[in-house]
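**Student:** Residue numbers (the working numbering), protein chains in the order written: chain F, 1 to 375; chain U, 1001 to 1152; chain W, 2001 to 2362; chain Z, 3001 to 3160.
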Amino acid sequence: MKEVINLPVKNIEEEEYHINMGPQHPSTHGVLRLVVSLQGEIVKSLKPHCGYIHRGIEKMCEKDTYPQIIHLTDRMDYLSAHINNHAVCLLVEKALEVEVPERVKYIRTIVDELNRIASHQLWWCSFGMDMGGLTCFFYGLRDREKILDIFEESFGSRLLHSYYTPGGLMMDIHPDFQKNVKVFIKYFRKKIKDYDDLLSGNVIMQLRTKGVGVISKEDAISFGMTGPTGRGSGFSCDVRKHHPYGVYEKVQFNEIVRTEGDTLARYLNRMDEMRESMNIIEQLIDNIPAGDYTAKMKAVIKLPAGEYFQRVESARGELGVYVVSDGNKTPFRMKFRTPSFSNLSTLDYVSRGCKIADLVAIGASMDYVIPDIDR
Amino acid sequence: MDTAALKERILGLVPEATLVENKQFLTFVIPAAKMHDLALKLKYEADLAFDYLFCQSGVDMVKTLQVVYHLESTTLIHQLELKVETADRENPVFDTVCDIWMTAEFHEREIFDLMGIRFNNHPDLRRLFLDEEWKGYPLRKDYVDEVNIVEL
Amino acid sequence: MAFSIYDFTSFNQSIDKLLYDSLPPFWALIIEMTIIGVVFLLFYAVVGLFLVYAERKVCAFMQNRVGPNRVGPYGIFQTIADFIKLLMKELIYIKNADKLLFNLAPFIVIIASFMAISAVPFAKGLHAIDFDIGILYVIAVSSLGVVGILLAGWSSNNKYSLIGAMRSGAQIVSYELSVGLSLVTIIILAGTMQFSAIVEGQANGWFIFKGHIPAFIAFVVFLIASTAETNRGPFDLAEAESELTAGFHTEYSGIKFAFFFLAEYMNMFLVASIAATVFLGGWMPFHVSGWGGFNAVMDFIPPLIWYFGKTAFIIFLMMWFKWTFPRLRIDQLLTLEWKYLLPINLVNILVMAFMVLMGWHF
Amino acid sequence: MNSFFQYFADIFNGVKSLLTGMKVTGRYFFSPWEIVTQQYPENRKTLKMYDRFKGEVIMPHTANNEHRCTGCGICETNCPNGSIEIIQDKIDMPDGKKKRIIDKHIYHLSMCTFCGLCIKTCPSDALAWGQEFEHAVFDRTKLTKILNKPGSSILKDISE
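(1) Ignore the nearest five residues each way along the sequence and tell me which others in Asn3081(Z)'s own chain have a CB closer than 8 Å to its CB.
(2) Have a look at the DSSP bridge pairing and note the partners of Trp2360(W).
(3) Please classify Ala412(F): does DSSP put it in a helix, a strand, or coil?
(4) Could you check what DSSP says for Trp2154(W) in three-state terms: helix, strand or coil?
(5) Please return the same chain residues whose Cβ sits closer than 7 Å to the Cβ of Phe235(F), not counting the five positions on each side in sequence.
(6) Is the Cβ of Leu134(F) closer than 9 Å to any Cβ of chain W?
(7) Are the segment 2181 to 2197 of chain W and the segment 2213 to 2222 of chain W touching, with three or more C-beta to C-beta distances below 8 Å?
(8) Please give the ranges of any alpha helix (DSSP H) in the segment 158 to 210 of chain F, keeping only runs that are unbroken, at least 4 residues long and fully inside the region.
(9) State buried or exposed for Met1102(U), treating a residue as buried only when at least 16 other CB atoms are found within 10 Å of its CB.
(10) What separation, rounded to the nearest whole angstrom, lies between the Cα atoms of Ala2353(W) and Leu2189(W)?
(11) Which runs of the alpha helix (DSSP H) spanning at least 4 residues fall entirely within the segment 7 to 79 of chain F, listed in chain order?
(12) For the segment 2065 to 2087 of chain W, which residues have a CB atom closer than 8 Å to at least one CB atom of chain Z, in sequence order?
(13) Can you pull the chain U residues whose beta carbon is under 7 Å from the beta carbon of Val324(F), in chain order?
(14) Pull up the distance between the alpha-carbon of Ile370(F) and that of Asp74(F), whole angstroms please.
(15) What's the C-alpha gap between Phe2003(W) and Phe2294(W)?
(16) Quick check: Ser340(F) and Gly320(F), are their CB atoms within less than 9 Å of each other?
(17) With a Cβ-Cβ cutoff of 9 Å, do Phe2269(W) and Leu2041(W) count as a contact?
(18) Let me know if His3135(Z) comes out buried or exposed under the rule of 16 or more other beta-carbons within 10 Å of its beta-carbon.
(19) Quick test of the definition: if touching needs 3 or more C-beta pairs under 8 Å, does the segment 3114 to 3127 of chain Z touch the segment 61 to 70 of chain F?
(20) Would Lys1063(U) pass as an interface residue toward chain F - the criterion being a Cβ-Cβ separation below 9 Å?
(21) Let me see if you follow: with CB-CB separation under 9 Å, is Ile12(F) close to chain Z or not?
(22) Closer than 7 Å, Cβ to any Cβ of chain W: which residues of the segment 3032 to 3048 of chain Z, in chain order?
(23) Relative to the alpha-carbon of Val2046(W), which residue among Pro2073(W), Met2062(W), Phe2083(W) has its alpha-carbon at the smallest distance?
(24) Does the segment 76 to 89 of chain F come close enough to the segment 101 to 117 of chain F to have 3 or more Cβ pairs within less than 8 Å?
(25) Buried or exposed: Met2088(W), going by 16 or more other Cβ atoms within 10 Å of its Cβ?
(26) Out of Phe184(F), Glu273(F), Lys210(F), Lys193(F), state which residue places its alpha-carbon closest to the alpha-carbon of Trp123(F).
(27) Report the three-state DSSP secondary structure of Glu1085(U) (helix, strand or coil).
(28) If you draw a straight line from the C-alpha of Phe360(F) to the C-alpha of Thr2245(W), how long is it?
(29) Sort out for me which residues DSSP pairs Met334(F) with in a bridge.
(30) Do we get a CB-CB distance below 9 Å when we pair Phe3012(Z) with the residues of chain W?
(31) Can you give the Cα-Cα distance for Met2001(W) and Gly2292(W), rounded to whole angstroms?
(32) Name the chain F residues whose beta carbon is nearer than 8 Å to that of Ile3025(Z)?
(33) Report whether the distance from the Cβ of Ser2226(W) to the nearest heavy atom of the ligand ZN is below 8 Å.
(34) Residues in the segment 1104 to 1123 of chain U with C-beta within 7 Å of chain F's C-beta atoms, listed in sequence order?
(35) If you count every other CB in all the chains shown that lies within 10 Å of the CB of Ile2305(W), and 16 or more means buried, which is it?
(36) Whose CA, out of Val2199(W), Lys2339(W), Glu2241(W), lies closest to the CA of Val2221(W)?
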């Protein structure tokens, strides 16, 4: 095919006042650089520059065996590490047509949802902090600590667990796991009211977010905005509902969709998701069936040649894993479709015409994790 | 639309499309020149309505370079996988689909960055992750990494 | 009256007399000025250090933390250690900064707050200057600080600083109105602009009780507007660390940064003490007319304690605001002023004037 | 007129929401028993990590200085980032055969990602997680550890 050569796009017009937000900036949640052209306080356009922590996970996967890949996926979206692990595990199990024990499915679902709550808690902290309410940050972290303690007791680490393995789990849950989770849910149901009192209902917060950064449903779908972000625009995209995995088919839960498409809708979606996750956990926690914690797997896992795709609902949206296998023990090509990556691509479109403060609020409501973008 | 009907429909639109064996999705290899037209039809024709491009990946198949499109219709709930290939490793070029699915803008930049596949009519085709001065395309199979950072 | 034992007037006058008797008038004046200057400087340092410590402890407790607890018992020497660190830090000179203005800005900010504090009465007879137009003077002088902030933002040659400075300019110009008008409400009630007279006028009841509804509204408006004027709390747009990294003082380091830092806390102390003086009776004890015994007990509490207690209460309120609320956006900040505070204030002044005319106050 | 009332309703609701927020922070301010932070170096004595805590990879030794490692090298191949190096040794058995034993089990803590694959795949359960978490050192070479203690030997029942 013949190449059509476009003239190089002028990066930023000379006469515009442009500032670099990042790579070191408190509100970019990591090393993301946004070149923002301003007119006074108003954002005219914005160019994200990624890649400051690009580690080439996709390339590294090509030399790793499937069990080894698990620990790399932890490091993509480190706030929902379990869910990333789950995606790869499900993919390998699907390719090998392994049926994992029910117990594993239950535990994975519970742990995923706990991880989702923990991730949303951290999002709430940083959202509050980006809005200028620093106290939110400490409340969110205080409650997240409870989940991390449960994780640490059961899986040995607080952030990067590598707990799932293809075919099952690394080890069985701790005997106190169920009890602690129930204690936590009781605790957190009380504390989430504080969240609402402190931030959700606050008039300043409402003013800052209502009608800010609106994106329509069509655009949200076209941009591939998923997760609570996409569902804030009315895009029903919950993978747990549409392509169920784990034991999501067996539990009753609502897909939280709002149609306003603004920052407040995205905010409230996440708040509701925390409650919904607690509902899911409550339905499952007492019913974990007894059984083995791992299916029988071969020592060396080789995927049959072909291509596989697995979608899971990460805390930020739809996480897709695409693998092309040539029958070896390492993947031929591994591609992660990460939710933050797609969500970031909308930032320019959404934030045009907003103020700098709105840009920060929109960025916070998108909840992107930079290693998830850069991979 | 179920898989069989979808298959007929796609083959009706692009007779040259070749079916690829895939357990999960209905997969076609589309001639590169037809891809943009097909994409337009896929999105805007009411019985197809593939409005959601949930993944776009570049794959180096050693002999060829591929771009894989994973499409879903959020209204009709059906999925489709499309591939375009080129044997030209020196200057691989496809048409962009970022005017149809806006998410493709970043995905195509990523593919250009790591696979070296260029896209016609892309509004801002620059490297996304790596420096502008970076030599080579790391995800290609023939990429030589002098420092050997992956194995280190 | 019972609290005449706490009257500093005769004490001050005796020093004054001594100096003028033993020295020529010019030198006596110079020495008096020096003494006052040194006293204020020390006071300034102590209050600044204490406020920084208090803020850190208050916010820590609100956030379920312990706060500074390493340097000294309960971390009370933390701010001193911080201050020494700031003193010893390197002053980084920015290459393309306007050197003169860059160096001048922190001094303007700190001098403005220094000048304003001189008019505040701490106890009976204990104030540096008792102007006839004390309130007007304080309003005039305290708004000089914004010049320093604007200069800092402009001269740093940094885009974040400039945006921060511009925000701060817009903010202070608008909120100055509300601060002034809410004080005017009380001036109408008090009938004087002299601080000592205002305080004396509250001997039989603080103005916030005497002027009931309009005075309370004026108090709330003053509290909001003065929080905004000190660039604090939900109105810290000029700094806005999540948007503009540190706003106007991004490029400052070492002792110059400490000046901005200190000036912020001193401004907070200043507006709190004005609020305490004008609305809550300054050093005047809490009196309920008719309760003779209760009033006598209240009189035995020294006026300095009353004064600092009230100031501390208002400072606590301002810290409470800061550590609870998210930050406003610049347009909402101006909306709040021009659409809500200013109209309310103007109506409030009318109501107060009418009330004073009819004698409906206590 | 409607907007006139709306104006005051806005003020009222706004102030109410602000006071709700202040109630939360105020409540925590006056309840210092809810403080959750730990005083780390002071609580070192009482600080106990969870049993499963992944501090570092260790090789448990018995009282007789015996370990369970056969030196098979499975952990080395399974480690995703090359933080384990096995140096094997051959010894002469009494029956004349040569037997492979471990000489040095080198563990690079600085490269370890705590994925746990070495421990999971070890056929003789020679490795385990240690609870030590204070890994900060001034010299990077100190993070390279030899897991089998000097003079240690393999447990009898493993070697057979």
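Note that the Cβ used here is the ideal one computed from N, Cα and C, for glycine as well.
Small disclaimer: the values here were computed from a predicted structure and weren't measured.
**Tutor:** Well, looking at it:
(1) Met3111, Cys3112, Thr3113
(2) Answer is none; Trp2360(W) lacks a bridge partner.
(3) Past the edges of chain F, shown from 1 to 375, lies residue 412(F), and the structure says nothing about it.
(4) Helix at Trp2154(W).
(5) Lys217, Ala220, Ile221, Met225
(6) yes
(7) yes
(8) For the segment 158 to 210 of chain F, the continuous alpha helix (DSSP H) assignments of 4+ residues that do not extend past its boundaries occur at 177 to 195, 203 to 209, in sequence order.
(9) buried
(10) 8 Å
(11) Whole alpha helix (DSSP H) segments, 4+ residues: 57 to 61, 66 to 74.
(12) Arg2065, Val2066, Asn2069
(13) Identification of chain U residues near Val324(F) by a Cβ-Cβ cut-off of 7 Å yields Val1059, ordered along the chain.
(14) Their backbone Cα atoms lie some 13 Å apart in a straight line.
(15) Unreliable positioning characterises Phe2003(W) in this predicted model, as indicated by a pLDDT of 48, which lies under 50. A coordinate reading is not provided.
(16) no
(17) no
(18) exposed
(19) yes
(20) no
(21) Bear in mind that a pLDDT of 47 at Ile12(F), under 50, signals an unreliable position, so the number given afterwards is only what the model happens to contain. No, its Cβ sits nowhere closer than 9 Å to a Cβ of chain Z.
(22) Going along the segment 3032 to 3048 of chain Z in chain order, one finds Pro3032, Glu3034, Ile3035, Val3036, Thr3037 with a Cβ nearer than 7 Å to chain W.
(23) For Val2046(W), the closest C-alpha among the options Pro2073(W), Met2062(W), Phe2083(W) is that of Phe2083(W).
(24) yes
(25) exposed
(26) Glu273(F)
(27) strand
(28) In the sequence as presented, Phe is not what sits at residue 360(F); that position holds Val. Distance between the alpha carbons of Val360(F) and Thr2245(W) is about 12 Å.
(29) Val323(F)
(30) no
(31) Low local confidence applies: a pLDDT of 43 at Met2001(W) is under 50, so the model's placement there is unreliable, with the coordinate-based value given in what follows. Spanning the two alpha carbons is a distance of roughly 12 Å.
(32) The sequence given here has Thr at residue 3025(Z), not Ile. From the beta-carbon of Thr3025(Z), the residues of chain F found nearer than 8 Å are Thr135, Leu198.
(33) Only the bare structure without any ligand can be found here, which leaves the ligand ZN out of the picture.
(34) Glu1105, Phe1106, Arg1118, Asn1120, Asn1121, Pro1123
(35) exposed
(36) Lys2339(W)
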